[in-house]
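Numbering (the numbering used here), first residue to last: 13 to 208. Contents: one structure, followed by commentary.
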């Protein structure tokens, strides 16, 4: 099965692009969403996160995301420890999901493909980009966040220029109708490459 990675910085519109691919019948796996679900569902992950962060890691039986975010923000080494707990479970879940798919290719969305040097897990990689001002505007609206906070997140992420260099395809997502056309074009190109 051909696995296409889809990545992009915060506010680039990855979810919108994924919906475009889904609408033409491409199975989509969203790694972040699955990680969050597993962090709530898996007893093993729950136990390990409580060992790592303390009893405040969960509140009223569900993951206490603001608390975890504050812990990670104050100590970056904790992030890699948390990822070491969660990522293997997500990878195993993805393998099981992949076996159930019946399509020419699937898309796995992961925000930090390049940051974690995971390029070798994908046959092709699509990076979604958008103008920075538009990305900031989208995240402020979506997360009720401040401009400063969004800018600091963007600054901490790998630049679009770096991602583009390492990608097989790039979608400029400033305009939805234009982005949809790019999705169809890339879909056809991927199918052509697969069928060769």
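In this text, a Cβ means the ideal position worked out from N, Cα and C, and glycines have one as well. Predicted model only: the values in this text are computed from it and were never measured.
Taking its Cβ as the centre, do 16 or more other Cβ atoms sit within 10 Å of residue i, making it buried, or is it exposed?
{"i": "residue 167", "result": "exposed"}
{"i": "residue 25", "result": "buried"}
{"i": "residue 179", "result": "buried"}
{"i": "residue 87", "result": "exposed"}
{"i": "residue 181", "result": "buried"}
{"i": "residue 151", "result": "buried"}
{"i": "residue 29", "result": "buried"}
{"i": "residue 122", "result": "buried"}
{"i": "residue 172", "result": "buried"}
{"i": "residue 188", "result": "exposed"}
Could you check the C-alpha separation between residue i and residue j for me, to the nearest Å?
{"i": "residue 143", "j": "residue 163", "result": "13 Å"}
{"i": "residue 48", "j": "residue 112", "result": "21 Å"}
{"i": "residue 175", "j": "residue 21", "result": "9 Å"}
{"i": "residue 159", "j": "residue 207", "result": "45 Å"}
{"i": "residue 76", "j": "residue 170", "result": "27 Å"}
{"i": "residue 118", "j": "residue 130", "result": "16 Å"}
{"i": "residue 43", "j": "residue 120", "result": "7 Å"}
{"i": "residue 205", "j": "residue 33", "result": "17 Å"}
{"i": "residue 202", "j": "residue 148", "result": "31 Å"}
{"i": "residue 107", "j": "residue 94", "result": "21 Å"}
{"i": "residue 133", "j": "residue 102", "result": "14 Å"}
{"i": "residue 186", "j": "residue 145", "result": "10 Å"}
{"i": "residue 62", "j": "residue 46", "result": "19 Å"}
{"i": "residue 70", "j": "residue 53", "result": "12 Å"}
{"i": "residue 116", "j": "residue 72", "result": "42 Å"}
{"i": "residue 155", "j": "residue 78", "result": "13 Å"}
{"i": "residue 56", "j": "residue 190", "result": "44 Å"}
{"i": "residue 109", "j": "residue 13", "result": "12 Å"}
{"i": "residue 141", "j": "residue 83", "result": "29 Å"}
{"i": "residue 60", "j": "residue 90", "result": "12 Å"}
According to DSSP, what are the bridge partners of residue i?
{"i": "residue 70", "result": "75"}
{"i": "residue 183", "result": "140"}
{"i": "residue 17", "result": "120, 137"}
Rounded C-beta distance between residue i and residue j? I'm assuming under 8 Å.
{"i": "residue 99", "j": "residue 50", "result": "Not confirmed; about 10 Å, so no contact."}
{"i": "residue 183", "j": "residue 19", "result": "Residue 183 to residue 19, Cβ: 11 Å. No contact."}
{"i": "residue 135", "j": "residue 15", "result": "6 Å"}
{"i": "residue 17", "j": "residue 137", "result": "4 Å"}
Give, in chain order, every unbroken run of the alpha helix (DSSP H) that is at least 4 residues long and sits entirely within the stretch 88-156.
-> For the stretch 88-156, the full-length alpha helix (DSSP H) segments reaching 4 residues or more read 88-111, 144-155 along the chain.
Run through the stretch 28-53 for me and flag every whole alpha helix (DSSP H) of 4 or more residues, listed as ranges in chain order.
-> List check, alpha helix (DSSP H) in window: 43-53.
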